[in-house]
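J.: Order-wise, the sequence lines are chains A and B. Start counting at 1 in the first sequence, then tack on 14, and there's your number in our numbering. Start counting at 1 in the second sequence, then tack on 14, and there's your number in our numbering. Ideal Cβ placement from N, Cα and C applies to all residues, glycine included. Take a look at this one; I'll ask things after.
There are 2 protein chains.
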Amino acid sequence: MSTLASLGGDLSRLRHLNSLAVIRALRGAEPLTLTAVAEQTGLSRPSTKDVVDQLVALGWVVEVPPSAGGLGRPARRYRFRADGGHVAGVDIGVHTVRAAVADLDGNVLAETRQTVSRDTPVDDRLAATFRAVAGCLAAAGLGQDDLWSVSAGTTGVVDREGRVQISAGIRDWAGVDLTARLGELFSCTVHVENDARLAALAERERGAAQGVNDAVFLHAGRRTGAALIIGGAVHRGFGGAAGEVGLLPVTHWATAADYLHDCPVVPADVPKGDAARHTFDAAREGHPVAVAAVERYADDLALGTSAMVMTLDPELVVLGGGFSRAADVLLPLLRTRLEEVCLRMPELRGSALGEECVALGAVGRAVAHLDQEFFGTGPGSIAPPR
Amino acid sequence: MSTLASLGGDLSRLRHLNSLAVIRALRGAEPLTLTAVAEQTGLSRPSTKDVVDQLVALGWVVEVPPSAGGLGRPARRYRFRADGGHVAGVDIGVHTVRAAVADLDGNVLAETRQTVSRDTPVDDRLAATFRAVAGCLAAAGLGQDDLWSVSAGTTGVVDREGRVQISAGIRDWAGVDLTARLGELFSCTVHVENDARLAALAERERGAAQGVNDAVFLHAGRRTGAALIIGGAVHRGFGGAAGEVGLLPVTHWATAADYLHDCPVVPADVPKGDAARHTFDAAREGHPVAVAAVERYADDLALGTSAMVMTLDPELVVLGGGFSRAADVLLPLLRTRLEEVCLRMPELRGSALGEECVALGAVGRAVAHLDQEFFGTGPGSIAPPR
DNA sequence: GGATTTTACGAAGGAGCCCTCTGTAAAGAT
DNA sequence: ATCTTTACAGAGGGCTCCTTCGTAAAATCC
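If you want it as structure tokens, here you go:
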């Protein structure tokens with residue numbers, strides 16, 4: 015039984031667990047002294063030294079110069095080598111492909127974008143994805159070999175193996191085995207996920223949903239979608255379709271954004287990407303036609319949201335996506351409509367992240383995969399970095 | 015940091031983890047030989063003996079006579095002392111209070127019921143609860159002191175602390191601090207949960223949802239409700255209202271069962287508890303009025319269900335509650351309606367358990383609480399049973 | 001019925017990991 | 001220059017696990 019063997023074991027198992035505890039103490043924090051690590055892990059100082067020395071020998075931890083100014087003998091300081099490896103997060107959208115490269119702590123080093131269109135052929139879209147990542151690597155002074163893991167997010171229903179099952183926005187996208195196709199482009203492991211779910215992950219890790227265990231994330235933009243955070247983790251659903259209430263005809267999510275795009279207040283020469291902004295601006299100034307359009311949009315958004323809220327009773331609903339810049343207009347409307355039907359009204363917040371949130375979530379997912387691989391709680395010992 | 019300290023630690027920590035592994039190997043299984051335990055845990059035979067001896071000394075494990083008939087020297091056999099302690103699970107319903115008493119492995123030793131009504135005063139209902147448990151204890155030859163934990167399920171929204179927030183069915187039930195009130199009656203720890211969630215837990219542990227990680231449980235009976243299993247665990251929601259889509263007016267769940275109760279095919283002198291059965295029977299024989307009633311009921315049930323299914327994309331939907339005896343009639347109707355709207359149709363099954371499922375789930379919850387207390391993975395050592 | 005085979009028990013010896021304790025080293029404070 | 005504070009480094013010891021070996025108790029074979 016793997017579940018039994020992963021519990022106890024050898025004496026080396028204890029060292030393994032203590033090594034993980036030390037790494038967790040060192041991750042993402044300022045460089046720590048041995049005493050500080052010992053306090054956090056509960057280990058004795060000599061044992062801490064032993065473990066840290068071993069991690070230094072493996073290459074996961076490096077010593078940094080001691081900090082001056084303190085009382086007593088200066089303590090040696092150590093930090094996790096987050097720059098020992100890197101990950102890429104990609105957002106393969108309808109009109110834009112965004113990429114971000116980060117270190118093992120998720121610190122973003124570079125971001126780039128490539129412009130595409132809904133009719134860009136599959137091969138070209140994949141090539142643009144590769145260029146976006148390559149641009150990040152160049153900007154960060156890294157090579158392909160420094161990349162240990164790549165995560166990608168895209169619109170549509172993505173199954174467990176990373177195949178696009180359904181895609182509302184991108185031409186010829188359904189049926190593409192993204193994990194395989196991207197795997198040909200990159201020499202490291204590749205994972206693929208629905209974009210809204212990665213955006214939700216980003217909000218949970220570094221956005222509006224930090225520390226929240228149960229949240230609904232709304233992607234309100236030219237497309238309308240949703241994702242769920244349950245028990246602190248992103249929920250996929252059995253077929254990867256969790257949160258896709260927008261595909262139910264009764265929610266009208268497929269056409270909800272048209273109220274904003276096709277509003278008469280939008281000048282005729284405005285490109286579709288900017289249309290909604292005009293409507294929101296006009297609504298802010300009280301233009302009745304624009305206000306009505308925004309209200310009808312909020313009606314549609316609230317209907318699908320209420321189904322998720324009633325199902326899950328979340329702590330928080332995050333309004334994300336491009337329209338989250340109009341949260342000042344949308345949130346009050348959404349709140350009113352939800353309060354009418356909700357048993358217990360969840361908190362309602364606008365997104366704290368910008369347009370890169372899917373790429374950021376992809377970075378987080380890639381880091382999580384590496385964490386599992388190198389620092390998982392399972393049996394085995396800690397391997398040296400490549 | 016508790017999360018760090020719970021990872022590694024002392025040498026005693028290793029022994030603790032290995033003890034847990036041994037206990038898990040012994041739990042719920044036939045008595046095992048030392049060699050068998052060693053194989054399952056991955057420990058060496060001498061270490062296994064050491065750990066088992068220690069557990070025997072503590073009182074958690076007992077030796078049983080060796081089995082005859084094998085080749086070679088007969089091996090000593092050991093088993094977990096599931097009968098060292100006991101739990102009670104209670105279902106405090108509108109018309110009936112059911113109780114079950116089980117050992118630490120969840121094996122039910124006795125079941126009883128008490129009849130109440132929707133207007134039974136709170137104190138009397140609590141007294142009936144106590145009588146139901148006392149009856150179980152007597153039937154199993156146990157005393158109050160043998161009870162280590164009690165879990166109760168009841169209708170309505172129950173908050174994290176075990177207070178009834180909203181109750182549709184039971185008079186004066188809202189506002190009752192059930193954990194505190196039951197705590198006065200029993201000398202052990204008491205936990206309270208929504209009844210549908212406990213029924214779902216029972217289906218997951220020993221019913222139709224075994225091994226399923228994401229499922230929706232429908233309670234279809236005189237009351238209509240639902241509960242969710244997400245990631246293998248029952249989902250509460252932030253305010254304990256997860257799955258209460260039935261409280262949304264648009265679902266019509268509050269009145270859905272009336273189609274069945276008030277159907278003209280039901281003879282006038284039939285008590286309300288049996289009315290639905292007549293309607294289902296008539297529908298089976300093709301009586302048009304009854305068929306129409308069942309179809310309207312299925313319509314309402316499907317609407318709320320579709321919201322949950324679209325939100326969660328579960329692997330399975332379980333039809334439980336009193337009407338699950340009419341699963342042969344209801345499931346096809348429900349399937350047709352869900353297939354119309356569902357992106358990916360989940361599997362659909364009738365409940366595998368009877369009317370005791372809430373009490374069974376409560377037993378499971380009580381056992382889980384004790385497991386956490388005695389055999390949790392957290393720091394500390396294994397304490398002797400009381 | 002005795003020898004053989006099979007399986008399990010029990011004790012001894014050894015290695016790894018962590019702890020406590022003690023003395024030494026390096027900085028600022030007096 | 002000395003004292004105080006903080007950290008480093010090593011020694012010694014205890015606990016837990018592993019491997020190895022000889023012994024014990026059953027069924028099987030001749």
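For the alpha helix (DSSP H) containing A/His292, list its first residue and its last residue.
T.: For this step, residue 292 of chain A is matched to residue 278 along the first sequence. Residues 286-298.
J.: So is B/Ala256 in contact with chain A if we call contact Cβ pairs under 8 Å?
T.: Locating residue 256 of chain B in the second sequence gives position 242, counting from the first residue. Yes, its Cβ sits closer than 8 Å to a Cβ of chain A.
J.: Name the chain A residues whose beta carbon is nearer than 7 Å to that of B/Arg132?
T.: As a first step, residue 132 of chain B must be located in the second sequence, where it is residue number 118. By Cβ distance, chain A contributes nothing, its closest Cβ being about 22 Å from B/Arg132, past 7 Å.
J.: Using the three-state DSSP reduction, which class does A/Val230 fall into: helix, strand or coil?
T.: As a first step, residue 230 of chain A must be located in the first sequence, where it is residue number 216. Strand at A/Val230.
J.: Does the Cβ-Cβ distance between A/Gly23 and B/Gly56 come in under 8 Å?
T.: For the purposes of this step, residue 23 of chain A is taken as the residue at position 9 of the first sequence. For the purposes of this step, residue 56 of chain B is taken as the residue at position 42 of the second sequence. For A/Gly23 and B/Gly56, yes; Cβs fall inside 8 Å.
J.: Answer with yes or no whether the minimum CB distance from B/Pro360 to chain A is below 8 Å.
T.: As a position in the second sequence, residue 360 of chain B is number 346, starting the count at 1. Judged by the 8 Å Cβ criterion, B/Pro360 is in contact with chain A.
J.: If we ignore side chains and look at the alpha-carbon of each, how far apart do B/Ala229 and A/Gly254 end up?
T.: Locating residue 229 of chain B in the second sequence gives position 215, counting from the first residue. Locating residue 254 of chain A in the first sequence gives position 240, counting from the first residue. Using only the alpha carbons, I get a separation of about 14 Å.
J.: Give me the chain A residues within the contact set of B/Glu329, using Cβ-Cβ distance strictly less than 7 Å, ordered along the chain.
T.: Counted from its first residue, the second sequence places residue 329 of chain B at position 315. Within chain A, the residues near B/Glu329 are Phe252.
J.: Which ranges would you report for the alpha helix (DSSP H) in the stretch 99-165 of chain A if only whole runs of at least 4 residues count?
T.: Within the stretch 99-165 of chain A, the complete alpha helix (DSSP H) runs of at least 4 residues are 136-154.
J.: Under a CB-based cut-off of 8 Å, is A/Val305 close to chain B?
T.: Position 291 of the first sequence, counted from the start, is the residue given in the question as residue 305 of chain A. Answer no: the Cβ-Cβ gap between A/Val305 and chain B never drops below 8 Å.
J.: So, B/Gly260 versus B/Gly239, is the Cβ gap smaller than 8 Å?
T.: Translated into positions along the second sequence, residue 260 of chain B becomes position 246. Translated into positions along the second sequence, residue 239 of chain B becomes position 225. Yes, the Cβ-Cβ distance between B/Gly260 and B/Gly239 is below 8 Å.
J.: Three-state secondary structure (DSSP) at A/Ile37?
T.: Stepping through the first sequence from its first residue, residue 37 of chain A is reached at position 23. In this structure, A/Ile37 counts as helix in the three-state DSSP scheme.
J.: DSSP state of B/Arg185, grouped into three classes?
T.: Taking the second sequence and counting its residues from 1, one reaches residue 185 of chain B at position 171. Correct three-state label for B/Arg185: coil.
J.: So is B/Gln128 buried or exposed if we call it buried at 16+ other beta carbons inside 10 Å?
T.: In the second sequence, residue 128 of chain B corresponds to position 114, counting from 1. With 16 or more Cβ atoms within 10 Å of its Cβ, B/Gln128 is classed as buried.
J.: Whose C-alpha, out of A/Asp295, A/Ala142, A/Val178, is nearest the C-alpha of A/Pro281?
T.: Indexing the first sequence from 1 puts residue 281 of chain A at position 267. Looking at the Cα atoms, A/Asp295 is the closest of the given residues.
J.: By the criterion of Cβ-Cβ separation under 7 Å, what are the contact partners of A/Thr62 in chain B?
T.: As a working mapping, residue 62 of chain A is identified with position 48 in the first sequence. Result: empty, since nearest Cβ-Cβ is about 11 Å, beyond 7 Å.
J.: Using a Cβ-Cβ cutoff of 8 Å, what residues of the stretch 169-188 of chain B are near chain A? List them in chain order.
T.: Val171, Ile180
J.: By the 7 Å beta-carbon criterion, what residues does the stretch 362-391 of chain A contribute toward chain B?
T.: none
J.: Per the DSSP calculation, B/Ile396 is bridged to which residue(s)?
T.: Here residue 396 of chain B refers to the residue found at position 382 of the second sequence. Note: B/Ile396 sits in no beta bridge, so no partner.
J.: Where does A/Phe94 fall in DSSP's three states?
T.: Here residue 94 of chain A refers to the residue found at position 80 of the first sequence. Taken through DSSP and simplified to helix, strand or coil, A/Phe94 comes out as strand.
J.: Counting only beta-carbon atoms, is A/Gly83 nearer than 8 Å to chain B?
T.: Here the question's residue 83 of chain A lines up with position 69 in the first sequence. False, the Cβ-Cβ gap to chain B never drops below 8 Å.
J.: Give me, in chain order, the residues of the same chain whose beta-carbon lies closer than 6 Å to that of A/Arg310; leave out the 5 immediate sequence neighbours on both sides.
T.: Taking the first residue of the first sequence as 1, we reach residue 310 of chain A at position 296. For A/Arg310, where only same-chain residues beyond five positions count, the Cβ hits under 6 Å are Tyr273.
J.: I want to see whether chain A comes within less than 8 Å of B/Leu262, judged by CB atoms only; does it?
T.: Here residue 262 of chain B refers to the residue found at position 248 when the second sequence is read from its first residue. Answer yes: the Cβ-Cβ gap between B/Leu262 and chain A drops below 8 Å somewhere.
J.: Taking 7 Å as the limit between beta carbons, can you name the residues of its chain near B/Arg237, skipping five residues before and five after?
T.: By 1-based counting over the second sequence, the position of residue 237 of chain B is 223. Taken in chain order, the residues that qualify are Thr169, Ala182, Gly183.
J.: When the distance is taken between beta carbons, is A/Phe200 closer than 8 Å to A/Leu161?
T.: Reading the first sequence from its first residue, position 147 is the one you call residue 161 of chain A. Reading the first sequence from its first residue, position 186 is the one you call residue 200 of chain A. Yes. Within cutoff.
J.: In the DSSP output, what is A/His205 paired with across the bridge?
T.: Start at 1 with the first residue of the first sequence, and residue 205 of chain A comes out as number 191. According to DSSP, which records beta bridges pairwise, A/His205 is partnered with A/Ser165.
J.: If B/Thr325 sits next to A/Leu123, beta carbons under 8 Å apart, how far is it from one beta carbon to the other, in whole angstroms?
T.: Here the question's residue 325 of chain B lines up with position 311 in the second sequence. Here the question's residue 123 of chain A lines up with position 109 in the first sequence. 37 Å between Cβ atoms; not a contact.
J.: How close, in whole Å, do the beta carbons of A/Ala216 and A/Leu367 come, if the pair is a contact with beta carbons under 8 Å?
T.: The count along the first sequence starts at 1 and reaches residue 216 of chain A at position 202. The count along the first sequence starts at 1 and reaches residue 367 of chain A at position 353. The C-beta separation of A/Ala216 from A/Leu367 comes to about 6 Å, placing the pair in contact by the 8 Å criterion.
J.: By the three-class DSSP mapping on this structure, what secondary structure does A/Gly83 have?
T.: As a working mapping, residue 83 of chain A is identified with position 69 in the first sequence. Of the three classes helix, strand and coil, the one that applies to A/Gly83 here is coil, per DSSP.
J.: Do you know offhand how far A/Ser16's Cα is from A/Met322's?
T.: By one-based count along the first sequence, residue 16 of chain A stands at place 2. By one-based count along the first sequence, residue 322 of chain A stands at place 308. Reliability of the predicted coordinates at A/Ser16 is poor, the pLDDT of 44 falling under 50, and the value obtained from them is presented with this limitation in mind. Cα-Cα distance, rounded: 35 Å.
J.: If contact means a Cβ-Cβ distance below 9 Å, which residues of the stretch 23-41 of chain A contact chain B?
T.: Gly23, Asp24, Leu25, Arg27, Leu28, Arg29, His30, Leu31, Asn32, Ser33, Leu34, Ala35, Val36, Arg38, Ala39
J.: Per the contact definition of three or more C-beta pairs closer than 8 Å, is the stretch 128-137 of chain A in contact with the stretch 103-111 of chain A?
T.: Contact annotation: the stretch 103-111 of chain A touches the stretch 128-137 of chain A, with at least three C-beta pairs closer than 8 Å.
J.: Under a Cβ-count criterion, where at least 16 other Cβ atoms within 10 Å of its own Cβ denotes burial, should A/Asn32 be classed as buried or exposed?
T.: Locating residue 32 of chain A in the first sequence gives position 18, where the first residue counts as 1. A/Asn32 comes out buried.
J.: Keeping to the same chain, check which residues put their C-beta closer than 8 Å to that of A/Glu77; ignore five residues upstream and five downstream.
T.: As a position in the first sequence, residue 77 of chain A is number 63, starting the count at 1. Excluding sequence neighbours, A/Glu77 sits near Val70, Arg90, Arg91, Tyr92.
J.: Who pairs with A/Val280 in a beta bridge, going by DSSP?
T.: As a working note, residue 280 of chain A is residue 266 in the first sequence. None; A/Val280 has no bridge partner.
J.: Can you check whether the CB of A/Ala214 is closer than 8 Å to the CB of A/Val248?
T.: By 1-based counting over the first sequence, the position of residue 248 of chain A is 234. By 1-based counting over the first sequence, the position of residue 214 of chain A is 200. A contact, by the Cβ cut-off of 8 Å.
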